[in-house]
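> All residue numbers for the sequence shown refer to our numbering, where the first residue is 11 and numbers rise by one.
Here a beta-carbon is modelled for each residue, glycine too, at the ideal position from N, C-alpha and C.
Quantities reported herein were computed from a predicted structural model and do not represent experimental measurements.
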Amino acid sequence: MPHDYIKARAAALAKAAQPPRIELWVDYARKSTVGLERQALSIPSQIEQMNAAFPDLPRFGKPVTESKSAFKPGRKKFNWIIERVEAGEISGIISWHPNRLSRNMEDASTIVRLVGAGKLDLKFVTFTFEKTPEGLMLLRTMLSQGQYESERLARDVRRGTDKKAEQGWYPGPVPLGYNTDGDRKKKGSRTIVEDQARLPIIERGMAYALTGNYTTAELRRLMAEEWGLTIRETEKRPSRPIGYGGVWAMLRNVFYTGHFIWNGELRQGSHKAVISLDQYERLQEIFRGHTSGDTRRLVTRAYVKFSGILNCGRCGRVVTCTEKRKYYATTNREAIYVYYHCSRNSRRRCAERPISEPKLVSAILEALSSYRLISEFRDMAYDVLIKDFRSKRQGQAAELEGQKAELLSLEKKDRGLVEMRASGEIDRDDYKLYHGGYKKRMAQLKRLVGRPAELDWSKLVGSIKAIHFAASLREPFLQADGVAQRRLLIELADKVVIERGKVLIEAKKWLRPLGDSFLLREANYELDRTSDFGSTKQKAETFASAFSLWYARVNTMADLIEEEVKSGRTVHAEVRLPAELQARLDALRQPER
11 MPHDYIKARA
21 AALAKAAQPP
31 RIELWVDYAR
41 KSTVGLERQA
51 LSIPSQIEQM
61 NAAFPDLPRF
71 GKPVTESKSA
81 FKPGRKKFNW
91 IIERVEAGEI
101 SGIISWHPNR
111 LSRNMEDAST
121 IVRLVGAGKL
131 DLKFVTFTFE
141 KTPEGLMLLR
151 TMLSQGQYES
161 ERLARDVRRG
171 TDKKAEQGWY
181 PGPVPLGYNT
191 DGDRKKKGSR
201 TIVEDQARLP
211 IIERGMAYAL
221 TGNYTTAELR
231 RLMAEEWGLT
241 IRETEKRPSR
251 PIGYGGVWAM
261 LRNVFYTGHF
271 IWNGELRQGS
281 HKAVISLDQY
291 ERLQEIFRGH
301 TSGDTRRLVT
311 RAYVKFSGIL
321 NCGRCGRVVT
331 CTEKRKYYAT
341 TNREAIYVYY
351 HCSRNSRRRC
361 AERPISEPKL
371 VSAILEALSS
381 YRLISEFRDM
391 AYDVLIKDFR
401 SKRQGQAAEL
411 EGQKAELLSL
421 EKKDRGLVEM
431 RASGEIDRDD
441 YKLYHGGYKK
451 RMAQLKRLVG
461 RPAELDWSKL
471 VGSIKAIHFA
481 ASLREPFLQA
491 DGVAQRRLLI
501 ELADKVVIER
511 GKVLIEAKKW
521 LRPLGDSFLL
531 REANYELDRT
541 SDFGSTKQKA
551 ETFASAFSLW
561 YARVNTMADL
571 IEEEVKSGRT
581 VHAEVRLPAE
591 LQARLDALRQ
601 PER
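1. Which of helix, strand or coil does DSSP assign to serine 105?
2. According to DSSP, which residues form a beta bridge with alanine 503?
3. DSSP three-state label for phenylalanine 487, please.
4. Is valine 413 helix, strand or coil by DSSP?
5. Under the DSSP definition of a beta bridge, which residues are partnered with tryptophan 35?
6. With a threshold of 8 angstroms, are at least 3 pairs of Cβ atoms found where one atom belongs to the segment 477-485 and the other to the segment 367-383?
7. CB-CB under 6 angstroms to glycine 102, same chain, minus the five flanking residues each way: which ones, in chain order?
8. Can you tell which of Tyr347, Val329 and Val95 has its C-alpha closest to the C-alpha of isoleucine 508?
9. Please name the residue, chosen from Phe316, Phe387, Arg403 and Thr201, that lies closest to isoleucine 365 on a Cα-to-Cα basis.
10. Exposed or buried, glycine 493, counting other C-beta atoms within 10 Å across all chains shown (16 or more means buried)?
11. Measure how close the beta-carbons of arginine 230 and tyrosine 254 come, nearest whole angstrom, since I'm counting them as under 8 angstroms.
12. Starting from lysine 369, trace the alpha helix (DSSP H) in both directions and tell me its first and last residue.
13. Are at least three pairs of beta-carbons, each pair with one atom in the segment 567-585 and one in the segment 273-293, less than 8 angstroms apart?
14. Along the chain, where does the alpha helix (DSSP H) containing tyrosine 218 start, and where does it finish?
15. Is the CB-CB distance between asparagine 114 and alanine 164 below 8 angstroms?
16. Which stretch, first to last residue, makes up the beta strand (DSSP E) that contains glutamine 592?
17. If we count Cβ pairs, one from each stretch, closer than 8 angstroms, do we get three or more for the segment 347-363 versus the segment 319-327?
18. In chain order, which beta strand (DSSP E) runs of at least 3 residues are fully inside the segment 237-304?
19. Take arginine 298 and list the residues in its own chain whose beta-carbon comes closer than 8 angstroms to its own, dropping the five residues that flank it on each side.
20. Less than 8 angstroms between C-beta atoms, sequence neighbours within five positions excluded: which residues of the same chain meet that for glutamate 96?
21. Grab me the residues of serine 654's own chain with a C-beta within less than 7 angstroms of its C-beta, minus the 5 sequence neighbours each way, in chain order.
22. Would isoleucine 202 pass as a contact of tyrosine 180 if the rule is Cβ separation under 8 angstroms?
23. Classify threonine 341 as helix, strand or coil using the three-state DSSP reduction.
24. Quick check on the DSSP output: the alpha helix (DSSP H) that includes glutamate 58 runs from which residue to which?
25. Which value, in whole angstroms, describes the spacing of the CA atoms of glycine 511 and alanine 373?
26. Would you check if the distance between the CB atom of valine 564 and the CB atom of glycine 472 is smaller than 8 angstroms?
27. Find out if the Cβ-Cβ distance for the pair leucine 521, leucine 502 is shorter than 8 angstroms.
28. Considering Cα atoms alone, identify which of Ile91, Lys402, Ser52 and Tyr444 is closest to arginine 69.
29. Using the Cβ count rule (16 or more neighbours within 10 Å means buried), how would you classify leucine 488?
30. Taking alanine 568 as the reference, give the member of Met430, Gln454, Val394 and Lys422 with the closest Cα.
31. Rounded to a whole number of angstroms, what is the C-alpha to C-alpha distance between leucine 149 and valine 122?
32. Taking C-alpha atoms, which residue in Arg214, Arg247 and Thr221 lies nearest to alanine 234?
33. I'd like to know whether the C-beta atoms of glutamate 99 and phenylalanine 88 end up nearer to each other than 8 angstroms.
34. Would you give the residue range spanned by the alpha helix (DSSP H) that lysine 86 belongs to?
35. Enumerate in chain order the residues of its own chain whose CB-to-CB distance from lysine 423 is below 7 angstroms, with the five nearest sequence positions on each side excluded.
36. For alanine 63 versus valine 135, is the C-beta spacing smaller than 8 angstroms?
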């Protein structure tokens, strides 16, 4: 029709009147380091193939390269190219494949819109298309296909990782002390095993941390320098001793409780636990808000033994120390004298006088003299504690067998539930309902089966270590070096006070029943035992009274230790028992293994 001819002629004249379009092409090469895109051709290889395929096309500057994933919009260099295209400075893009330009719907729509409007031409080494509706549809599909592949693979991976998590295996990198076992090529079939070289050190370090007597710096020094704990070697990092950050992360990691967090939920793991959940909560309380744990700092100066662990009895301030040096010309030597004094960092003047280190050691030895047990009372305490443990274990045997039988029955029912779900006998909702109930009850039974035995065992070991520790403190203190003397005081006392030149020790609460025991009752017992006066009956009555009072003290101490163990604390983890006594305990626990 005439008006169609006129409209077409007008469009042709308008196009002819426009300035000639600049034909400049830009090479775009991209390779991501994330996920499956790591398998793509390298950037130099892409550029080489583009130059070989299209050598005669005029280029706009140097090739634009980018190392960023295209699954999400927002690539800076790609957006810069689009801006140049919109401004008419660039007429075309050369790339190796459409998925190098885009792998998401937003960027794909922008490219197709510019191509359809005639503002952009595209050349690919491994793909061709025509500027027809069908060709543009194919181009859009190729540009956004990566998003579909990514979402599909993510869904498949999520399904596999969720299944592995349900089986109790953490589907991710495991922390220090554990390794993944199995063939790396068989995804989903690998399990978590113990690192035999590192996990025992970590377990020992956790026990020390749970005493509340160690700072992060002290734990790091023990584990790294004395026990030889190192981090794993990787391709980019050699093995080296663990650092402060590694120790801090270890104390905060719930993985060591035999659990792990997956999809925001705390799940029961199948790997070995180092501490319980209660002990984990205890660690968070000890190290809450800071990394030091106990506020008594690590001493870095060799001559300082007790700075930071003593308090002034007059004003309550921390006691610090001052080093004095004196040169003796006659003997050509320099002597070092250390004085401990109140820090006095307040406006009120403190009347407590400084005390020299030898006098302070003498005062500490005098305070330690109240902790002394004769061998009869010490061995008697061992026998009482072991006897109580055996009787309690026998009483719990029947209840424990019932709990184990119920646990086995529930595990059998749960396996049958899985088979019913696989065969289609029950739907997904019913499976979730019954499986959730079974799983919750089995978790309760597992805690009940393991907790009483471990609780009673920890109580027994802690009580025996407390008796052994308090049996004689003067001799070990005299024979120890400065670091060991400091650790002995921290192990013994919640607070050590200096007042008027005397040392007052406020022992940990479970050790208080053992203090001052030798001064009266044991001394009377020793006197009556070696005396020629008094009848055998009178002596027997006296001994029975002394033993009864001692039994009460031992039971009180054991009950206080049980409270600490229930709260997640480890008691006297660093105390080493004599070989004969340790063998006795090992033989006692052997039937439970």
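The relevant details are as follows:
1. On the sequence shown, residue 105 is found 95 positions in, with the first residue counted as 1. In the structure shown, serine 105 sits in a strand (DSSP, three-state: E or B).
2. Here residue 503 corresponds to residue number 493 of the sequence shown, with the count starting at 1. Ala517, per the DSSP bridge assignment.
3. Here the question's residue 487 lines up with position 477 in the sequence shown. Phenylalanine 487: helix per DSSP, three-state reduction.
4. For this step, residue 413 is matched to residue 403 along the sequence shown. Looking at the sequence shown, residue 413 is not valine but glutamine. Helix, per DSSP.
5. For the purposes of this step, residue 35 is taken as the residue at position 25 of the sequence shown. The partner list for tryptophan 35 (beta bridge, DSSP) reads Arg69 and Gly102.
6. yes
7. Residue numbering aside, residue 102 sits at position 92 when the sequence shown is read from its first letter. The residues are Trp35 and Asp131.
8. The residue labelled residue 508 in the question sits at position 498 within the sequence shown. For the residues Tyr347, Val329 and Val95, the minimum Cα distance to isoleucine 508 belongs to Val329.
9. Numbered from 1 along the sequence shown, position 355 holds the residue referred to as residue 365. Of Phe316, Phe387, Arg403 and Thr201, the residue nearest in Cα terms is Phe316.
10. If you number the sequence shown from 1, residue 493 lands on position 483. Here the sequence assigns valine to residue 493, which means glycine is not the residue at that position. Result: exposed.
11. Residue mapping note: residue 230 aligns to position 220 of the sequence shown, counting from 1. Residue mapping note: residue 254 aligns to position 244 of the sequence shown, counting from 1. At roughly 5 angstroms, the Cβ-Cβ gap stays under 8 angstroms, so arginine 230 and tyrosine 254 are in contact.
12. Counting from 1 along the sequence shown, the entry for residue 369 is found at position 359. Looking at the DSSP string, the run of the alpha helix (DSSP H) that includes lysine 369 is 367-378.
13. yes
14. Numbered from 1 along the sequence shown, position 208 holds the residue referred to as residue 218. Start and end: 209-220.
15. As a working note, residue 114 is residue 104 in the sequence shown. As a working note, residue 164 is residue 154 in the sequence shown. The answer is no: Cβ separation not under 8 angstroms.
16. In the sequence shown, counting from the first residue as 1, residue 592 sits at position 582. Where glutamine 592 is concerned, there is no enclosing beta strand (DSSP E), although the alpha helix (DSSP H) it sits in stretches over 589-599.
17. yes
18. 269-272 and 275-278
19. Here the question's residue 298 lines up with position 288 in the sequence shown. The answer is none, since no qualifying residue turns up.
20. Here residue 96 refers to the residue found at position 86 when the sequence shown is read from its first residue. The residues are Leu124 and Lys129.
21. Here the chain covers residues 11 to 603 and nothing more, so residue 654 does not appear.
22. Within the sequence shown, numbered from 1, the residue matching residue 202 stands at position 192. Within the sequence shown, numbered from 1, the residue matching residue 180 stands at position 170. A contact, by the Cβ cut-off of 8 angstroms.
23. Position 331 of the sequence shown, counted from the first residue, corresponds to residue 341. Threonine 341: coil per DSSP, three-state reduction.
24. Mapped onto the sequence shown, residue 58 falls at position 48. That run of the alpha helix (DSSP H) goes 53-63.
25. For the purposes of this step, residue 511 is identified with residue 501 of the sequence shown, where counting begins at 1. For the purposes of this step, residue 373 is identified with residue 363 of the sequence shown, where counting begins at 1. Straight-line Cα distance between these residues: approximately 7 angstroms.
26. Within the sequence shown, residue 564 is the residue found at index 554, counting from 1. Within the sequence shown, residue 472 is the residue found at index 462, counting from 1. In this structure, glycine 472 does not lie closer than 8 angstroms to valine 564 by Cβ.
27. Sequence index remark: in the sequence shown, residue 521 carries index 511 (1-based). Sequence index remark: in the sequence shown, residue 502 carries index 492 (1-based). Yes. Within cutoff.
28. Residue 69 sits at position 59 when you count from the first residue of the sequence shown. That would be Ile91, whose Cα lies nearest to the Cα of arginine 69.
29. As a first step, residue 488 is located in the sequence shown; it is residue number 478 there, counting from the start. Leucine 488 should be labelled exposed.
30. In the sequence shown, counting from the first residue as 1, residue 568 sits at position 558. Answer by Cα proximity: Val394.
31. Within the sequence shown, residue 149 is the residue found at index 139, counting from 1. Within the sequence shown, residue 122 is the residue found at index 112, counting from 1. Taking the straight line from one Cα to the other gives about 7 angstroms.
32. By 1-based counting over the sequence shown, the position of residue 234 is 224. If we check each option's Cα against that of alanine 234, Arg214 comes out closest.
33. Here residue 99 corresponds to residue number 89 of the sequence shown, with the count starting at 1. Here residue 88 corresponds to residue number 78 of the sequence shown, with the count starting at 1. Not a contact, by the Cβ cut-off of 8 angstroms.
34. Sequence index remark: in the sequence shown, residue 86 carries index 76 (1-based). Taken as a continuous stretch (DSSP letters only), the alpha helix (DSSP H) holding lysine 86 covers 86-96.
35. Position 413 of the sequence shown holds residue 423. Answer for lysine 423: Tyr448, listed in chain order.
36. Within the sequence shown, residue 63 is the residue found at index 53, counting from 1. Within the sequence shown, residue 135 is the residue found at index 125, counting from 1. In contact: alanine 63 and valine 135 (Cβ atoms closer than 8 angstroms).
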